[in-house]
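*Asks:* Read in order, the letters of the sequence shown correspond to residues 434 to 731 in this note's numbering.
C-beta atoms are modelled at their ideal positions from N, C-alpha and C, and glycine is treated no differently.
Model, not experiment: these values are computed from the prediction.
The structure follows.
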Amino acid sequence: MDTAAEIIRALIDRGHAYRHEGDVYFDPLTYPGFGRLYGLDMSQWPKERIRFDQDTYPGDQWNLGDFILWHACGSNDTVCWDTPLGRGRPSWNVQDPAMIVKHLGLQIDIHGGAVDNLFRHHDYILAIMESYSQRKYANFWLHGELLLVDGEKMSKSEGNVLYAEDFFDQGYSPEAVRFHFINGHYRQPIDFRRQRLDDTVGRLDRLTAATRQLCRAAEEASAPDTLNAPEAVELLAAFAAHMNDDLHVADAVDALEQTLLRLADSEKQTQLDPSTCAQCTAALNRIDSVLQVGLLSA
């Protein structure tokens, strides 16, 4: 709460925000390049001042006008805090900047979210962050497509919302659930079907089995300082090439699986030395620090 109030206070001081009837609004015309993430046509911006006082609005329509940062509390409001701005609460659009500033700082590498956040919300965050920090905020913006369930959009109104706890209660491990939902490309929608989750569990089992086959001699060697064994270099390269191509997790996993299975099969014939196995284990640990799916699980 203190961070949100400080951000808003600074925006007022710098002329990006102003008070109106106790609330505080951001004027997008004070921020050069507003709407650039979405590609908003600013020539359509209204000549008169229009204020939008709700946190969110349904649908995909852009709100062409000033958006709210702070809600002053009225006599019937129950969620309120006492702050230097007065008694009130921060709007939805300033809550993300407040958390980012408090926990990550003024600049980050990647800001991500669902594709529907391209309407309003992410351009609001960008304008707030850069007007507050007076520097570039994020190097990359990633917008993921939506989750479908049996071909239908997931929504409370359809009664098809999925919760992680439901999968755990049915015996699926957190690693298998995570692997299923990241094993694609974020720009493509995910269509969840139960059989596909079961297939994912089988694939993850095959990967971990191949990992154990390849790395069973690693414990006989000390931890490597460098990774220069061709097998370890190949494992990392197969994975990194596709992750560096717009975070294409599915292609990275495919390449990793092909390389891992081939090396594991080769190891049956040639028996990799313990030092090479230790390097392969270290390479797989690096890969799993990204995937976090338990590749080296026993």
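Taking contact to mean 3 or more Cβ pairs, one atom from each stretch, closer than 8 angstroms, check whether the stretch 505–521 and the stretch 477–485 are in contact.
*Replies:* The stretch 505–521 is not in contact with the stretch 477–485.
*Asks:* Classify asparagine 718: buried if its beta carbon has 16 or more other beta carbons within 10 angstroms, exposed otherwise.
*Replies:* Taking the sequence shown and counting its residues from 1, one reaches residue 718 at position 285. Answer is exposed; the Cβ neighbour count stays below 16.
*Asks:* With distances taken between CB atoms, is the gap from phenylalanine 625 to valine 582 smaller than 8 angstroms?
*Replies:* On the sequence shown, position 192 is the one that residue 625 refers to. On the sequence shown, position 149 is the one that residue 582 refers to. A contact, by the Cβ cut-off of 8 angstroms.
*Asks:* Indicate whether glutamate 690 and leucine 640 have their beta-carbon atoms separated by less than 8 angstroms.
*Replies:* Stepping through the sequence shown from its first residue, residue 690 is reached at position 257. Stepping through the sequence shown from its first residue, residue 640 is reached at position 207. Contact: yes.
*Asks:* Which runs of the alpha helix (DSSP H) fall wholly inside the stretch 647–693 and span at least 4 residues, in chain order?
*Replies:* Qualifying alpha helix (DSSP H) stretches, in chain order: 663–676.
*Asks:* By the three-class DSSP mapping on this structure, what secondary structure does leucine 630 have?
*Replies:* Working through the sequence shown from its first residue, we reach residue 630 at position 197. Three-state DSSP puts leucine 630 in a helix.
*Asks:* In the DSSP output, what is tryptophan 514 paired with across the bridge?
*Replies:* To locate residue 514, count along the sequence shown from 1; it is residue 81. Bridge partners of tryptophan 514: Gly521.
*Asks:* Could you compute how far the alpha carbon of aspartate 602 sits from the alpha carbon of aspartate 456?
*Replies:* Within the sequence shown, numbered from 1, the residue matching residue 602 stands at position 169. Within the sequence shown, numbered from 1, the residue matching residue 456 stands at position 23. One C-alpha to the other measures close to 45 angstroms.
*Asks:* Please identify the residue among Leu537, Gly468, Asp698 and Asn593 whose C-alpha is closest to the C-alpha of histidine 555.
*Replies:* Taking the first residue of the sequence shown as position 1, residue 555 is located at position 122. It is Gly468 whose Cα lies nearest to the Cα of histidine 555.
*Asks:* Helix or strand or just coil, what does DSSP make of leucine 581?
*Replies:* Position 148 of the sequence shown, counted from the first residue, corresponds to residue 581. In this structure, leucine 581 counts as strand in the three-state DSSP scheme.
*Asks:* Could you give the C-beta distance for alanine 643 and leucine 694, rounded to a whole number, given that I count them as a contact under 8 angstroms?
*Replies:* Position 210 of the sequence shown, counted from the first residue, corresponds to residue 643. Position 261 of the sequence shown, counted from the first residue, corresponds to residue 694. At roughly 5 angstroms, the Cβ-Cβ gap stays under 8 angstroms, so alanine 643 and leucine 694 are in contact.
*Asks:* Within 10 angstroms of its Cβ, does methionine 532 collect 16 or more other Cβ (buried), or is it exposed?
*Replies:* Here the question's residue 532 lines up with position 99 in the sequence shown. Answer is exposed; the Cβ neighbour count stays below 16.
*Asks:* Excluding sequence positions up to five away, which residues of its chain have a Cβ less than 7 angstroms from the Cβ of tryptophan 503?
*Replies:* Along the sequence shown, read from residue 1 onward, the residue named residue 503 stands at position 70. Ile441, Asp456, Val457, Leu518, Gly521, Pro523 and Ser524, listed in sequence order.
*Asks:* Under three-state DSSP, which class holds leucine 575?
*Replies:* To locate residue 575, count along the sequence shown from 1; it is residue 142. Leucine 575: strand per DSSP, three-state reduction.
*Asks:* Answer yes or no: do proline 461 and alanine 560 have a C-beta to C-beta separation smaller than 8 angstroms?
*Replies:* By one-based count along the sequence shown, residue 461 stands at place 28. By one-based count along the sequence shown, residue 560 stands at place 127. Yes, the Cβ-Cβ distance between proline 461 and alanine 560 is below 8 angstroms.
*Asks:* So what does DSSP say about isoleucine 483, is it helix, strand or coil?
*Replies:* Against the sequence shown, residue 483 aligns to sequence position 50. Residue state, collapsed to three classes: coil.
*Asks:* Three-state secondary structure (DSSP) at leucine 502?
*Replies:* Residue mapping note: residue 502 aligns to position 69 of the sequence shown, counting from 1. DSSP places leucine 502 in strand when its eight states are reduced to three.
*Asks:* Using only alpha-carbon positions, find the residue among Ser566, Asp488, Asn496 and Gly498 that is nearest to glutamine 528.
*Replies:* As a first step, residue 528 is located in the sequence shown; it is residue number 95 there, counting from the start. Per the Cα distances, Asp488.
*Asks:* Could you check what DSSP says for tyrosine 557 in three-state terms: helix, strand or coil?
*Replies:* In the sequence shown, residue 557 corresponds to position 124, counting from 1. In this structure, tyrosine 557 counts as helix in the three-state DSSP scheme.
*Asks:* Can you tell me whether DSSP reads arginine 452 as helix, strand or coil?
*Replies:* As a working mapping, residue 452 is identified with position 19 in the sequence shown. Strand at arginine 452.
*Asks:* I'd like to check one pair, aspartate 499 with arginine 484: are the Cβ atoms closer than 8 angstroms?
*Replies:* Here residue 484 is taken as the residue at index 51 of the sequence shown, counted from 1. Here residue 499 is taken as the residue at index 66 of the sequence shown, counted from 1. In this structure, aspartate 499 lies closer than 8 angstroms to arginine 484 by Cβ.
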